[in-house]
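Peer 1: Got a structure here, written out as C-alpha cells. Questions coming.
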Amino acid sequence: MRELRAEGVTVRFGGLLAVADVSLDVPVGGFVGLIGPNGAGKTTLFNAINGFLPPSSGRIRYGDLDLTDLPTWRRARLGIGRTFQKLELFGRMTVFDNLLAAAEAGTSRLDVASDLLHLPRRRREESKCARIAEEFMDLLGLGWARDRFAGELPVGTARLVELGRALCGGSQVLLLDEPSSGLDSAETKAFGRLLTGLNQERGIGILLVEHDMDLVLDVCREVYVLDFGKLIAQGPPSGLAADPAVRAAYLGEEDRGPSAAQASRG
Amino acid sequence: MEIFFRTLFIGVVAGSVYALASTGLVLTYRTSGVLNLGYGALALLMSFVHWQLAVVWGWPLWLSAIVVILVVAPIVGALLDLALFRRLVGQPPVILIICTVGLWVLLQGIVIFVWGSETETVPSLFPTDTVGIFGARIGIDQIAILVIALGGAGILAAFLRFTKWGIALRAVVDNREVAGLMGVNSGLVSAGSWALGTSFAAMTGILLTPQLLLDPNLLPPFIISFVLGAAIVGYLRSLSLAFAGGILLGLIQAFLIQYGTFRGILGSITRIAPFLVLSVLILFAPRSVRRTSAGSSFVVRVREVADRAPPGAAMMVGAVVFGVLALLPILVGGSVSWLLAVTAGLVNAIVFLSLVILTGYSGQISLGHTAFMGIAAFTTAHLVSGAGMPVWVAFALGALAAVPAGALIGLIAVRLHGLFLALMTLAFAFITQELFFNQPSVSGIEGSVVVPRPPGAEGNAAFYYLVLAVLAACALLAVSLRTGRTGRVLAAMRDSETATRALGINVVKYKTIIFGLSAFMGAVGGILFAMIRQAADRLDFLPFYSLIYVTLAVIGGLFHVGGAIVAGLLFGLYPKLFGQNELMLDIQLILFGVGATLALAREPEGIFGELRRGGGKLLALVRRRRSRAIAPAEEPA
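As you go down the protein sequences, you meet chains A and B in turn. Sequential numbering from 575 applies to the first sequence in the numbering used here. Sequential numbering from 1295 applies to the second sequence in the numbering used here.
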C-alpha cells in the first residue's frame, strides 16, 4: 500500500491552461473527493495521474516511486486503477470475460507462447484468475449478468462492471470518474455504500470525481475543489459547504447542473 | 533552364488533373463517408465510354467528352449512390471500404467484358502543336488541359461558395450531423456528391488517357495511387489542400522523370512517389488529425448471436469437416484438376484465416497482406536456389522473414487507426511490390522464380495433405488464440484501447504480436500458394489482390475460423463449379461479390454467419420434432 501524490501538476493544451499547479494527496486507505464545475480540469488531472496525458510540469508520486515518466500500463500494474465517465467497457465480451481479462492483466504471468500452445500453465493461470473474477462478481452482485454482453447492459450495471474490472486488475488506488452519472438516487446511494465498504474493509484508496454533492459529502473524508484548473479549496467535507470560494464556483454550477446532466446522458 | 521550365509546366499540367481527381474523391468522402478506392476504375469506365463514342462510333471528340462528363458520369454516380452506398449509411468503415473494392472489381470486370483487356489509345481533344513560352516548347493540348482543370476547380469553388446547393454540400462536408440537424437533405446531397465525384473521375480519365494508354489493368491503380496521395495532403478533410496535393505530386513526378535517371530500385521511386508521400504524411500526421473519425478504430458492430454453439459442438463440426477433407483425394479419384482446385482453396483459407485473427478477433486492419505473402515466397525461392538450403528449412525461414515486416506494421498501428492504418498498409503493399517484387534480382528476368515443393510432398496428393495439415494447425492456433488470455487481450483492445491500457496491458506489445502472427500465417499461405505451381511470380502478389483477399474474407465471414474455410473453398473451387471461360468467370465472380457485399449490409458475419444460423434453426427444428414425438407417449401416463 502506497500513498498517491500529485505535486504541482500543470497541463497545457496549446495556450489553454487546463490544470494549473495542482497538488493533491490520496493517503494510504484514504477516501478523497475532487469536485468542481464542468471544465474545471478534473478529468484532465485524472489523465495526468494515470498517464494518458503527460503533464507540462509537476510530478506524480506513488509512495517512494516517481510515476511521471512511466506509461499508463506500468502505472496500472503498480496498482492505480480507474473508471471512465464515458463508459469504456469491452462491449462485445461477456461481463465475466471483462472481469477475467482484467484479473489476467493484473496477476497472470502467462506468456503468449504457453497460452497459444495450450501448455499446462494456461489452465492453471486461467483458473486462478477466474477465481478472482468470480469473487468480485459475487461481491458486486453481478452474477445474474455473467454471460451478458457488456455492451448491452443498463448504465447502472455497466458502472459496476467498470468498478469490478478495476478491482479484478488488482488496483490499490481507484480513480473514479463520475461513477454516479446515469444512476438514479437509489443506485447512487447503494454505490456510495459499496465504495465505503471497499475503502474500509479492503483498505483501497479512492479518489472520486463527482457531481453529486450529497454522495461526496457522505463518503469522502477529504475534498479538493477545482475551478478553472486551479485548486480553490481543500478540507474535510463538513467545512467546505460554507467556504465562500466554493459557493461562488458552485452557484453557477447549480444553474448548469441539470442541462449538463442531460447532455451527458444524451 | 528551358528544360526546367518545360518540366515545371508538365508537372503542373499533370498535377492539375490529379488535383481535380482528388478534389472529387475528397468531396464524395466527406459527404457520404465512403472513401472510394474504386475511383480509378470509375475513371477507366468513363474513358472507355468516351472511346466507344468518339473512336468506334465516330462522334466528334468534343461532343463525346461533354456527353460523358455531363450526362453519363452524373447518372452513373447517382445510381451508385442509390443502389449501393445509400444502403450502407452507418456501416463500419471496413465494410464501406470493402464495398468500394467490390466496385473496383465490378467496373474493371465490366470494362474487360465489354471492351476486352487490350490497350487502346485515346486521341487528344486538343491540337498537339507546340508553342514557345519562356523559350520552352509547350504543347497546346497541355495548355488546354491546364485551363480546363483550373477552370473545373474554379467552377466547383464558385458553385460551393455561391449556390444554395453548394452551400448545403459544404455544410455536409464540414459537419454531417449538424448539417442534418439544420435540415439539409442529406440524401439529395449524397446523390449529388456521387454524381459530381463521378464527373470528376470522367474528366480525369478523359484528360489523362491521351497521354497515357487506356489500359484496363494498369489505369485504375495508377489513378488511385496519385489521387489518394494528393487527398492525404489535405488529410481527407480539406478540398483546397487536396487540390494543392495534386499539383505537388504532379511536380514530383515530372521532376523525378526528367532529372532522376535512376536505375534499378531508385527507378521505381517515380512510380511509388504518391505512396511515399502518403506514408510520410500519415505517419507524421498531427494528433488532431489522427483522432478524427477517419482515424477511429475498425470495430465492426455485429449482432452477436445469443445462442452461440457450445465449444464442443463447434469442435465436432470442425473435426467432421477436416475428416471429409482428409478423404477428399480418394473421393475425387484421379481428377488432378479437382485436387489442385481444392488445394488452392485450402491455401486461400490459410490466408483468410490470417485476416480473421487480425481483423475479426483483434479489430485491426491490413490491406497489404500480399506483401507478407510475397516476401515469404521470394525469400523461400532464393534460399533454395541461391543458398542451396533444404526446402523445409527455406520454407520455415521464408515464413519467418515476413514477421519483422508484420511487427513493423504493428508498431505503426500503435499510432494509426482505422482508415489511416488501412491506407498505410495498402501503401506498404505497393511499395514492397515496386521496390522488391518487381526487381529482376528478386523475381528474376522473367518475373518468376522456382519454389519447389518440399521432399515428401512433391506429388499432388501428398502436397494436398501437407496443405491440409498446415491449415489444421493454423485453425487450432486461431481457436487457441480466441479462447485464451491473448485473445481476450486482443478483443479488449478492439473494444476499448483506452480501458485496456488503464488495466495494465502493454498495447504496443500485443499489436506487434498480432500483426507479426497474422503476417506469419499469411506468409505460410504465400509460400504454399507458390508451391502449388512451383513458382513465385511477381504478378501473384499485386497489391490489388490484398484488397480482393480482404473482400472475400469478409464475405466468407470475418469472425470465425469456419468463415475463412468457406471463403477459401468457394474461391478455390469457383472455376471448377462455374466453368473455365475466363471472361464469364470474372463477371460471375463480380456479380457474386456485389450480391454478397450488398448482403453484408444485412449480415456482417458473412456466409458463415448465415450457414451457422441455418444450422442452428435446423437443430432447433429437429429438437422440437423430437420433443413432440416424445410428448404424446408421455401423455397417457
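For glycine and all other residues, C-beta sits at the position ideal for the given N, C-alpha and C.
Thinking Leu-1389 (chain B) and Leu-1382 (chain B) are a contact (beta carbons under 8 angstroms), I'd like their distance in whole angstroms, please.
Peer 2: On the second sequence, position 95 is the one that residue 1389 (chain B) refers to. On the second sequence, position 88 is the one that residue 1382 (chain B) refers to. The residue you asked about is not Leu; residue 1389 (chain B) is Ile in the sequence shown. Yes, they are in contact, since the Cβ atoms of Ile-1389 (chain B) and Leu-1382 (chain B) sit about 7 angstroms apart, within 8 angstroms.
Peer 1: Thinking C-beta only, is Asn-624 (chain A) closer than 7 angstroms to Arg-648 (chain A)?
Peer 2: Residue numbering aside, residue 648 (chain A) sits at position 74 when the first sequence is read from its first letter. Residue numbering aside, residue 624 (chain A) sits at position 50 when the first sequence is read from its first letter. No, Cβ-Cβ distance for Arg-648 (chain A) and Asn-624 (chain A) is not below 7 angstroms.
Peer 1: Tell me whether Val-1425 (chain B) sits in a helix, a strand or coil according to DSSP, three-state version.
Peer 2: Within the second sequence, numbered from 1, the residue matching residue 1425 (chain B) stands at position 131. Reduced to three states, the DSSP call for Val-1425 (chain B) is strand.
Peer 1: Which ranges does the alpha helix (DSSP H) cover as unbroken runs of at least 4 residues, wholly within the stretch 752–825 of chain A, from first to last along the chain?
Peer 2: For the stretch 752–825 of chain A, whole alpha helix (DSSP H) runs of length 4 or above, ordered along the chain, are 759–776, 787–793, 811–814.
Peer 1: Beta-carbon separation of Val-600 (chain A) and Leu-627 (chain A) under 7 angstroms?
Peer 2: Numbered from its first residue, the first sequence carries residue 600 (chain A) at position 26. Numbered from its first residue, the first sequence carries residue 627 (chain A) at position 53. No, these two residues do not count as a Cβ contact at 7 angstroms.
Peer 1: Which partner residues does Thr-584 (chain A) have in the DSSP bridge list?
Peer 2: Numbered from 1 along the first sequence, position 10 holds the residue referred to as residue 584 (chain A). Answer by DSSP bridge pairing, in chain order: A:Ser-631.
Peer 1: Starting from Ile-1369 (chain B), trace the alpha helix (DSSP H) both ways and give me its first and last residue.
Peer 2: For this step, residue 1369 (chain B) is matched to residue 75 along the second sequence. 1367–1377 is the span of the alpha helix (DSSP H), which, as asked, contains Ile-1369 (chain B).
Peer 1: So the candidates are B:Leu-1846, B:Leu-1347, B:Pro-1368; which of them puts its Cα closest to the Cα of Ala-1359 (chain B)?
Peer 2: As a first step, residue 1359 (chain B) must be located in the second sequence, where it is residue number 65. For Ala-1359 (chain B), the nearest C-alpha among the options comes from B:Leu-1347.
Peer 1: Does the beta-carbon of Thr-1413 (chain B) have 16 or more other beta-carbons within 10 angstroms, so that it is buried, or is it exposed?
Peer 2: The count along the second sequence starts at 1 and reaches residue 1413 (chain B) at position 119. By the neighbour-count rule (16 or more Cβ atoms within 10 Å), Thr-1413 (chain B) is not buried but exposed.
Peer 1: Could you please tell me which residues of the stretch 583–600 of chain A, in chain order, have their CB closer than 8 angstroms to any CB of chain B?
Peer 2: If the cut-off is 8 angstroms between Cβ atoms, the stretch 583–600 of chain A has nothing near chain B.
Peer 1: Using three-state DSSP, classify Leu-1506 (chain B) as helix, strand or coil.
Peer 2: The residue given as residue 1506 (chain B) occupies position 212 in the second sequence. Note: Leu-1506 (chain B) maps to coil in three-state DSSP.
Peer 1: Any beta-carbon of chain B closer than 7 angstroms to the one on Val-729 (chain A)?
Peer 2: Here residue 729 (chain A) corresponds to residue number 155 of the first sequence, with the count starting at 1. No, because no Cβ of chain B sits closer than 7 angstroms to the Cβ of Val-729 (chain A).
Peer 1: Beta-carbon of Met-667 (chain A) versus every beta-carbon of chain B: anything under 7 angstroms?
Peer 2: Residue mapping note: residue 667 (chain A) aligns to position 93 of the first sequence, counting from 1. By this cut-off, Met-667 (chain A) is an interface position.
Peer 1: On the three-pair Cβ rule with 8 angstroms, is the stretch 1831–1842 of chain B touching the stretch 1609–1627 of chain B?
Peer 2: In short, these stretches do not touch, since the Cβ pair count stays below three.
Peer 1: Quick one: using the 10 Å Cβ neighbour count with 16 as the cut-off for buried, is Glu-1728 (chain B) buried or exposed?
Peer 2: Along the second sequence, one-based indexing puts residue 1728 (chain B) at 434. Its Cβ being crowded by 16 or more others within 10 Å, Glu-1728 (chain B) is buried.
Peer 1: Which residues in chain B have a C-beta closer than 7 angstroms to the C-beta of Ala-679 (chain A)? List them in chain order.
Peer 2: Here residue 679 (chain A) is taken as the residue at index 105 of the first sequence, counted from 1. The answer, in chain order, is Leu-1797, Gly-1798, Ile-1799.
Peer 1: Just to confirm, are Ala-1489 (chain B) and Leu-1336 (chain B) a CB contact at a threshold of 7 angstroms?
Peer 2: As a working note, residue 1489 (chain B) is residue 195 in the second sequence. As a working note, residue 1336 (chain B) is residue 42 in the second sequence. Cβ distance not < 7 angstroms, so Ala-1489 (chain B) and Leu-1336 (chain B) don't count as in contact.
Peer 1: Can you name, in chain order, every residue of its own chain whose Cβ lies under 7 angstroms from the Cβ of Leu-1572 (chain B), other than the five neighbours on each side?
Peer 2: For this step, residue 1572 (chain B) is matched to residue 278 along the second sequence. Around Leu-1572 (chain B): Leu-1522, Gly-1523, Ile-1526, Leu-1717, Ala-1721.
Peer 1: Going by the beta-carbon positions, is the gap between Ile-1576 (chain B) and Phe-1714 (chain B) smaller than 7 angstroms?
Peer 2: Translated into positions along the second sequence, residue 1576 (chain B) becomes position 282. Translated into positions along the second sequence, residue 1714 (chain B) becomes position 420. For Ile-1576 (chain B) and Phe-1714 (chain B), yes; Cβs fall inside 7 angstroms.
Peer 1: Can you confirm whether the stretch 773–784 of chain A touches the stretch 740–747 of chain A when touching is taken to mean that 3 or more C-beta pairs between the two stretches lie within less than 8 angstroms?
Peer 2: The answer is yes - the stretch 773–784 of chain A touches the stretch 740–747 of chain A, with three or more Cβ pairs under 8 angstroms.
Peer 1: Tell me whether the stretch 626–646 of chain A and the stretch 1771–1780 of chain B touch, counting them as touching only if at least three CB pairs, one residue from each stretch, are closer than 8 angstroms.
Peer 2: At 8 angstroms Cβ cutoff, the stretches do not touch.
Peer 1: If Arg-1779 (chain B) sits next to Ser-682 (chain A), beta carbons under 8 angstroms apart, how far is it from one beta carbon to the other, in whole angstroms?
Peer 2: Here residue 1779 (chain B) refers to the residue found at position 485 when the second sequence is read from its first residue. Here residue 682 (chain A) refers to the residue found at position 108 when the first sequence is read from its first residue. The pair is a contact, with the Cβ atoms about 6 angstroms apart (cut-off 8 angstroms).
Peer 1: Does the separation of the CB atoms of Leu-1640 (chain B) and Val-1761 (chain B) fall below 7 angstroms?
Peer 2: Within the second sequence, the letter at position 346 stands for residue 1640 (chain B). Within the second sequence, the letter at position 467 stands for residue 1761 (chain B). Yes, these two residues count as a Cβ contact at 7 angstroms.
Peer 1: Closest to Met-711 (chain A) by C-alpha separation, out of A:Gly-743, A:Val-686, A:Ala-687, A:His-692, would be which residue?
Peer 2: One-based indexing of the first sequence puts residue 711 (chain A) at position 137. Checking every option, the nearest Cα to that of Met-711 (chain A) belongs to A:Gly-743.
Peer 1: Counting C-beta neighbours from all protein chains within 10 Å, is the total for Gln-1402 (chain B) 16 or more, i.e. buried, or is it exposed?
Peer 2: Working through the second sequence from its first residue, we reach residue 1402 (chain B) at position 108. The residue is buried, with at least 16 neighbouring Cβ atoms inside 10 Å.
Peer 1: Would you mind sorting Ser-759 (chain A) into buried or exposed? The rule is 16 or more other CB atoms within 10 Å of its CB.
Peer 2: The residue you call residue 759 (chain A) lines up with position 185 of the first sequence. Ser-759 (chain A) is exposed by the Cβ-count criterion.
Peer 1: In three-state terms, what does DSSP make of Ile-1703 (chain B)?
Peer 2: Here the question's residue 1703 (chain B) lines up with position 409 in the second sequence. Ile-1703 (chain B): helix per DSSP, three-state reduction.
Peer 1: Measure from the alpha carbon of Leu-1542 (chain B) to the alpha carbon of each residue in B:Asp-1789, B:Gly-1309, B:Tyr-1868, then state which is nearest.
Peer 2: As a working note, residue 1542 (chain B) is residue 248 in the second sequence. With distances taken between Cα atoms, Leu-1542 (chain B) lies closest to B:Gly-1309.
Peer 1: Would you kindly work out how many angstroms separate the C-alpha atoms of Gly-582 (chain A) and Ala-594 (chain A), rounded to a whole number?
Peer 2: For this step, residue 582 (chain A) is matched to residue 8 along the first sequence. For this step, residue 594 (chain A) is matched to residue 20 along the first sequence. The alpha-carbon atoms of Gly-582 (chain A) and Ala-594 (chain A) are separated by roughly 8 angstroms.
Peer 1: Quick check: the Cα distance between Leu-1454 (chain B) and Ala-622 (chain A), rounded to an integer number of angstroms?
Peer 2: Within the second sequence, the letter at position 160 stands for residue 1454 (chain B). Within the first sequence, the letter at position 48 stands for residue 622 (chain A). The alpha-carbon atoms of Leu-1454 (chain B) and Ala-622 (chain A) are separated by roughly 43 angstroms.
Peer 1: Along the chain, where does the alpha helix (DSSP H) containing Gly-655 (chain A) start, and where does it finish?
Peer 2: What you label residue 655 (chain A) is simply residue 81 of the first sequence in a count that begins at 1. It is not in any alpha helix (DSSP H) - Gly-655 (chain A) instead sits in the beta strand (DSSP E) that spans 654–656.
Peer 1: Counting only Cβ pairs nearer than 8 angstroms, list the residues of chain B close to Ala-676 (chain A).
Peer 2: Stepping through the first sequence from its first residue, residue 676 (chain A) is reached at position 102. The contacting residues are Leu-1797.
Peer 1: Hey, how far is the Cα of Ala-1723 (chain B) from the Cα of Ile-1566 (chain B)?
Peer 2: Numbered from its first residue, the second sequence carries residue 1723 (chain B) at position 429. Numbered from its first residue, the second sequence carries residue 1566 (chain B) at position 272. If you take the alpha carbons of Ala-1723 (chain B) and Ile-1566 (chain B), they lie about 11 angstroms apart.
Peer 1: The stretch 1770–1785 of chain B: which residues have C-beta closer than 7 angstroms to a C-beta of chain A, in chain order?
Peer 2: Those would be Leu-1771, Ser-1774, Leu-1775, Gly-1778, Arg-1779, Thr-1780, Arg-1782, Val-1783, Ala-1785, in chain order.
Peer 1: Using a C-beta cutoff of 7 angstroms, does Ile-1651 (chain B) count as contacting chain A?
Peer 2: Counting from one through the second sequence, the residue named residue 1651 (chain B) turns up at place 357. So no, Ile-1651 (chain B) is outside the interface.
Peer 1: With respect to the beta strand (DSSP E) encompassing Ser-597 (chain A), which residues constitute its N-terminal and C-terminal limits?
Peer 2: Within the first sequence, residue 597 (chain A) is the residue found at index 23, counting from 1. Here the beta strand (DSSP E) through Ser-597 (chain A) covers 590–600.
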